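Per the numbering used here, residue 156 is the first one in the sequence shown, and the count goes up by one each step.
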Amino acid sequence: MPLVTPDSLYKMIPKNKRCAIGAFNVHNMEYTQAVVKAAESENTPVILMLGEPVLKFAGLDMLADIALHAVRNSRIPMAVTLDHGKKMENIERCIELGISVMVDGSHMSYDENIRFTREIVKIAHSSGLSVEAELGSLAGIEDVNEETTEHLTDPLAAKGFVEATGIDALAIAIGNCHGKYEKPPVLDFERLDRIYELVSVPLVLHGGSDLPPDMVSTSINKGIKKFNVGTDLKTAFCESLKRTLNKNPMPFQPQDTLGPAREDVFEVVVQKIKQLRNGCTIEF
Numbered sequence: 156m157p158l159v160t161p162d163s164l165y166k167m168i169p170k171n172k173r174c175a176i177g178a179f180n181v182h183n184m185e186y187t188q189a190v191v192k193a194a195e196s197e198n199t200p201v202i203l204m205l206g207e208p209v210l211k212f213a214g215l216d217m218l219a220d221i222a223l224h225a226v227r228n229s230r231i232p233m234a235v236t237l238d239h240g241k242k243m244e245n246i247e248r249c250i251e252l253g254i255s256v257m258v259d260g261s262h263m264s265y266d267e268n269i270r271f272t273r274e275i276v277k278i279a280h281s282s283g284l285s286v287e288a289e290l291g292s293l294a295g296i297e298d299v300n301e302e303t304t305e306h307l308t309d310p311l312a313a314k315g316f317v318e319a320t321g322i323d324a325l326a327i328a329i330g331n332c333h334g335k336y337e338k339p340p341v342l343d344f345e346r347l348d349r350i351y352e353l354v355s356v357p358l359v360l361h362g363g364s365d366l367p368p369d370m371v372s373t374s375i376n377k378g379i380k381k382f383n384v385g386t387d388l389k390t391a392f393c394e395s396l397k398r399t400l401n402k403n404p405m406p407f408q409p410q411d412t413l414g415p416a417r418e419d420v421f422e423v424v425v426q427k428i429k430q431l432r433n434g435c436t437i438e439f
């Protein structure tokens with residue numbers, strides 16, 4: 156099927172239903188194959204995300220070619236997007252390749268973030284692509300101070316940010332974190348309710364790995380339309396490699412280690428898709 160934008164996938168969610176699109180970080184061919192296979196297995200659209208640190212390692216065009224080829228040869232609609240884009244050269248190159256972008260100006264001041272994001276929205280929209288941006292600070296779990304809410308998304312600021320930039324989706328910080336949760340996570344659902352009331356675009360929750368199922372379902376029922384998942388896939392991949400190498404420390408063929416790892420990532424993605432569907436069927 157042809158490549159689609161994340162925004163078009165959100166519109167496939169039935170208006171009277173609450174479910175979310177899964178967005179999965181892909182690091183190489185095996186991750187990409189696993190995510191696409193899982194999406195086809197569940198007959199559910201997904202988003203493949205290309206993170207800037209991975210692009211620095213693999214090369215943007217190389218990884219983009221893998222993801223775009225896989226998506227365009229899939230039998231269901233999927234999107235590819237840049238994840239946490241901060242470098243203008245990466246953002247512009249992705250747009251040239253027909254890839255939507257998630258831009259991260261959360262390290263900037265509010266006004267600077269608006270100017271940065273608004274410029275990218277203008278470029279992306281002129282190419283028919285969608286833009287997700289972040290407001291609030293989503294750090295690793297080790298950086299979170301649970302006694303302060305300064306890093307969380309302010310509902311009124313979110314409303315103003317969306318209106319000033321024209322973005323298509325907003326990533327929010329309500330206590331979610333990248334990486335593994337060393338302490339039981341606490342999500343501010345009252346804050347989510349307020350943001351949902353004020354903001355007119357789909358809401359996104361990054362740090363979707365390692366959250367308890369009840370928090371995932373509550374987040375979806377309260378309006379989250381996209382969940383980002385990365386750590387759970389990396390954990391499955393690396394643990395599989397360790398198991399295989401412990402059994403055979405010197406495998407001759409790379410596929411002897413990468414094949415089982417790919418299958419384990421596939422299983423994780425299948426379970427995530429089922430969880431995020433939240434009992435709904437996404438029609439396309």
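The C-beta atom is built at its ideal place from N, Cα and C for all residues, glycine as well. Just so we're clear, the structure is a prediction, and the values are computed from it rather than from any experiment.
**OP:** Whole angstroms is fine: what's the gap from methionine 177's alpha carbon to asparagine 383's?
**Re:** For clarity, residue 177 is glycine in the given sequence; the question names methionine instead. The straight-line gap from Cα to Cα measures roughly 6 Å.
**OP:** In angstroms with no decimal places, state the Cα-to-Cα distance between tyrosine 336 and glycine 362.
**Re:** 10 Å
Subject >> lysine 380 - DSSP class collapsed to helix/strand/coil >> reply: strand
Subject >> Among Gly253, Leu252, Glu251, Glu274, the one whose alpha carbon lies nearest that of aspartate 259 >> reply: Glu274
Original post:
Is it right to say valine 299 is buried, meaning 16 or more other beta carbons lie within 10 angstroms of its own, or is it exposed?
Top reply: Residue placement at valine 299 is flagged as unreliable, the pLDDT there being 46, under the threshold of 50; a coordinate-derived value is accordingly withheld.
Original post:
Are the CB atoms of asparagine 401 and leucine 360 nearer to each other than 7 Å?
Top reply: no
Subject >> Span separating the alpha-carbon of threonine 236 from that of glutamine 408 >> reply: 32 Å
**OP:** From the DSSP output, in three-state form, read off glutamate 352 for me.
**Re:** helix
Original post:
When you compare only the Cα positions, how much space is there between alanine 234 and isoleucine 202?
Top reply: 5 Å
Original post:
Does DSSP classify glycine 315 as helix, strand or coil?
Top reply: helix
**OP:** Output the distance between the C-alpha atoms of cysteine 435 and glycine 283, rounded to the nearest integer angstrom.
**Re:** 28 Å
Original post:
Rounded to whole angstroms, how far is the Cβ of alanine 213 from the Cβ of threonine 187, which I believe are closer than 8 Å?
Top reply: 11 Å between Cβ atoms; not a contact.
Original post:
Assuming phenylalanine 316 contacts isoleucine 269 under a Cβ cut-off of 8 Å, what Cβ separation, rounded to an integer in Å, is found between them?
Top reply: 6 Å
**OP:** Specify the secondary structure class of glycine 206 as computed by DSSP and reduced to three states.
**Re:** strand
**OP:** Could you check the C-alpha separation between serine 374 and leucine 311 for me, to the nearest Å?
**Re:** 20 Å
Original post:
Ordered along the chain, which non-local residues of its own chain (more than five positions away) have a Cβ less than 6 Å from that of phenylalanine 392?
Top reply: Ala416, Val420
**OP:** Tell me where the alpha helix (DSSP H) around phenylalanine 271 begins and ends.
**Re:** 265-281
**OP:** Tell whether a beta-carbon distance below 7 Å holds between aspartate 323 and serine 285.
**Re:** yes
Original post:
Name the DSSP bridge partner or partners of aspartate 526?
Top reply: Any answer about residue 526 is impossible in this case: the structure gives the chain only from 156 up to 439.
Subject >> Distance between cysteine 174 and isoleucine 379 (C-alpha atoms, nearest Å) >> reply: 8 Å
Original post:
If you draw a straight line from the C-alpha of asparagine 228 to the C-alpha of proline 157, how long is it?
Top reply: 8 Å
Original post:
Beta carbon of isoleucine 327, beta carbon of glycine 385: below 7 Å?
Top reply: no
Subject >> C-beta atoms of isoleucine 329 and leucine 347 nearer than 7 Å >> reply: yes
**OP:** Note down, one range per segment and in chain order, each beta strand (DSSP E) of at least 3 residues found wholly within the region 393-431.
**Re:** none
Original post:
Tell me which same chain residues have a C-beta within less than 6 Å of the C-beta of asparagine 376, skipping the five on either side of it?
Top reply: Arg173
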